[in-house]
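In our numbering, the protein residues as written are 1286 to 1733. Where is the CB? At the ideal position from N, CA and C, for every residue including glycine. Notes for the one structure printed next.
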Amino acid sequence: MPGRKSMMLQDTYRRLRNRRSSGRDRRPEGSRYSSSGSTAQLKKEQKTPLAIELLKRPASINPQALCPIFAKLPRELREQIWDLALTRYEDLNNLYNIKDRVARPGQAAPLRIAVKLLLTCRAIYVESFLKPFLLNPMAVFDGDAVDIPGRNPLTRATWDPLTCYKLKFWQFANISSVEITAQQFTLEGGTLERVARLVGTRERHKGYESRGYTIAGYPSFVEPKESRNDAGEPSKNLLIGRKITHLKLRMNRTDWWSWSSHPADCESTPSDRLRLEPMINVTDIEAKPENNLAMTIGYEARKAGREPDFGLDDFEKQGRWGLQIGEYWPDLVTFELVLETFACKKAQLDYVVQCAKLWSFPLNDRYQLSWNGKEDAVRWRGAQLYDHDDAEWWSFEQNTFRSTKAEDPTLIQWRPTTEDDSAGQEFIIRTLTFERKRNEDHFGRSRP
């Protein structure tokens, strides 16, 4: 194994040297990097951004006194400009084929981050070099590989952890939000735990320092030698992992256990309905058909003011994804749940959301994540045919354009096109946001 790691490192260094020599790895003016690409220099680059060394020599930074951005705007307004400029966006000049499964609202085209802004001048660079990592989530996919968009920034899959080698230690440390797309069977099989290990949520919670990656691709964190400076103030060590405070969990239309079930079968067969329950280890298991009703059982219990008891043994209790949030993601401030299905299954998704509004996710003895009372629902129109329609013929037959009902969500335009999409299939996306709140008993009183 050591030999393999050495070969991987040598290959990484070789690629970096080639990029610099070809001029593709541009640096701000007066860069401290030489073309030799020595091992010592590369190690330093992993740990220390150029901005830190520039700030130690302020005379080396042109204040850009003739530039209106610096001459007329205060720092607060410049920060807002950097936030807008360095938030990821859809590259609408390179639209995905509408038949691609990755094409959907918010992802009509590959996502980009305008990092070339950091190359304009040192004054901009030192103010904004952390923004791409503070503003944009790391997107992790745990499911079907065909759902992973290509060339998106900060994207990785649970089965390919080595993707994070592309991030320098300080870049990885300064990510504070994560976006997960998971299939239901992987969610109930430990997605939240796996991704937490890939991101290092527990080590970030402890205030540990990012020190690269293990040979398996997992992040390596160590306790920092110094957490405070000589004046007793908190250290500005950029290797200290930021706490993950925002998590988005997405399930797309083909990620449900029962996504392929014919809509008509759902009336009589519980196992064919869309269902999701965070406090049971698995909702689809042949040995326990009663688990198919877990979501409804949980809903009725919570309406009565109590948490449901599904009679799980100690081993089964460990698999509840609802408790994995508090165990592996203890610093969350918001948790966004994004659920998508076919428009012809709208009633099923509506019931899932109705049940989910009563969910709560314990973080510790004092706090939990609870629904904030707001919801978002959109309807969008895609292609007429997808690759999965060959096996599930009903999706084309029953999911194409229909008369709009009063209770239907607003139909949005999610891609710039003049094409007639009236024959395209329709899909529904419902979003709930859970926020960090003090624990309350079932009568709404705050616990001491």
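Please check the pair I1525 and E1625, which I expect to be a contact at CB under 8 Å, by giving their CB distance rounded to whole angstroms. About 36 Å separates the two Cβ atoms, so there is no contact after all.
Is the number of C-beta pairs between the stretch 1582-1602 and the stretch 1551-1565 that are closer than 8 Å three or more? yes
Any idea which residues DSSP pairs T1716 with across the strands? V1623, D1661
Mind checking if V1463 is an interface residue toward chain D, Cβ cutoff 8 Å exclusive? The structure shown has no chain D; it contains just one protein chain.
According to DSSP, simplified to helix, strand and coil, what is M1293? Note that M1293 scores 45 on pLDDT, short of 50, meaning its location in the model is unreliable; the coordinates nonetheless yield the value given after this. M1293: helix per DSSP, three-state reduction.
Considering D1569, what are the terminal residues of the beta strand (DSSP E) in which it resides? Taken as a continuous stretch (DSSP letters only), D1569 belongs to no beta strand (DSSP E), as it is neither H nor E.
Is it a yes or a no for the stretch 1353-1370 touching the stretch 1411-1419, going by three-plus beta-carbon pairs under 8 Å? yes
Mind checking who E1711 pairs with in its DSSP beta bridge? R1666
Member of K1722, Q1710, Y1671 whose CA lies at the smallest distance from the CA of V1431: Y1671
Judging by CA-CA distance, which residue of W1614, L1643, K1491 is the nearest neighbour of R1591? L1643
Could you tell me which of P1438, A1549, D1706 sits nearest to Q1456, measuring between CA atoms? P1438
Residue range of the alpha helix (DSSP H) that includes F1681: 1679-1683
Which class does P1694 belong to by DSSP, given the choice of helix, strand or coil? coil
Residues near V1638 by beta carbon distance below 6 Å, same chain, minus five either side: R1715
Using DSSP bridges, identify the partner residues of W1280. Outside the displayed range of the chain (1286 to 1733) lies residue 1280, so it cannot be described from this structure.
Is the CB-CB distance between W1665 and W1614 below 8 Å? no
Please classify R1489 as buried or exposed, where buried requires at least 16 neighbouring CB atoms within 10 angstroms. buried
How is H1673 classed by DSSP in three states: helix, strand or coil? helix
Grouping DSSP H, G and I as helix and E and B as strand, with all else coil, what is H1547? coil
Compute the beta-carbon to beta-carbon distance between T1530 and D1616, rounded to the nearest angstrom, for a pair I have assumed lies under 8 Å. 6 Å
List the endpoints of the continuous alpha helix (DSSP H) containing V1637. 1631-1641
I'd like to know whether the C-beta atoms of T1440 and A1424 end up nearer to each other than 8 Å. yes
Within 10 angstroms of its Cβ, does T1486 collect 16 or more other Cβ (buried), or is it exposed? buried
C1640 versus H1673, A1586, K1630, L1597, residue with shortest Cα-Cα distance: A1586
Could you please give the first and the last residue of the uninterrupted beta strand (DSSP E) stretch that includes D1427? 1423-1427
Within the same chain, show all residues whose beta-carbon is closer than 7 Å to that of F1418, passing over the 5 residues directly before and after it, in chain order. Q1456, N1459, I1460
Is the beta carbon of Q1648 sitting closer than 8 Å to the one on F1719? Here residue 1648 turns out to be Leu, not Gln, going by the sequence shown. Their beta carbons are not under 8 Å apart, which means L1648 does not touch F1719 by this criterion.
Report the option in L1420, L1335, Q1683, E1725 whose CA atom is closest to the CA atom of Q1710. Q1683
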